């Protein structure tokens with residue numbers, strides 16, 4: 010059963026807080042492994058969270074693609090983790 014927006018957000022935010030920077034694929038796989046079914050695609054949810062300032066994303070050489078992470082408390086809006 011799909012989760013409501015708040016529950017889906019909480020699941021993704023918890024993953025990023027526990028694992029640090031993750032690629033989109035890593036987030037998708039971890040969410041699926043948890044048995045969480047979001048009401049929208051993970052990419053769309055991550056973009057919404059980014060727009061709301063709850064997560065940050067950018068090109069990650071380490072992840073060889075797009076990476077997602079939680080903003081640092083003292084972050085002034087940079088796009089590197």
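Numbering (the numbering used here), first residue to last: 10 to 90.
Every residue, glycine too, gets a C-beta built ideally from N, C-alpha and C.
This structure is a prediction, so every number in the text was calculated from the model and none was measured.
Of all the options the options, which has the alpha carbon lying nearest to the alpha carbon of residue i?
i          : options           : result
residue 51 : 69, 21 and 16     : 21
residue 69 : 35, 19 and 18     : 35
residue 45 : 15, 82, 81 and 80 : 15
residue 63 : 49, 47 and 81     : 81
Is residue i near residue j, with beta carbons less than 8 angstroms apart?
i          : j          : result
residue 18 : residue 58 : yes
residue 47 : residue 54 : yes
residue 39 : residue 24 : yes
Name the one or two DSSP bridge partners that residue i has.
i          : result
residue 68 : 75
residue 32 : 76
Inset, instruction - Determine contact between the stretch 24 to 41 and the stretch 62 to 80, defined as no fewer than three beta-carbon pairs at a distance below 8 angstroms. - result: yes
Legend entry - Residue ranges of each alpha helix (DSSP H) within the stretch 36 to 62, 4 or longer: 51 to 60
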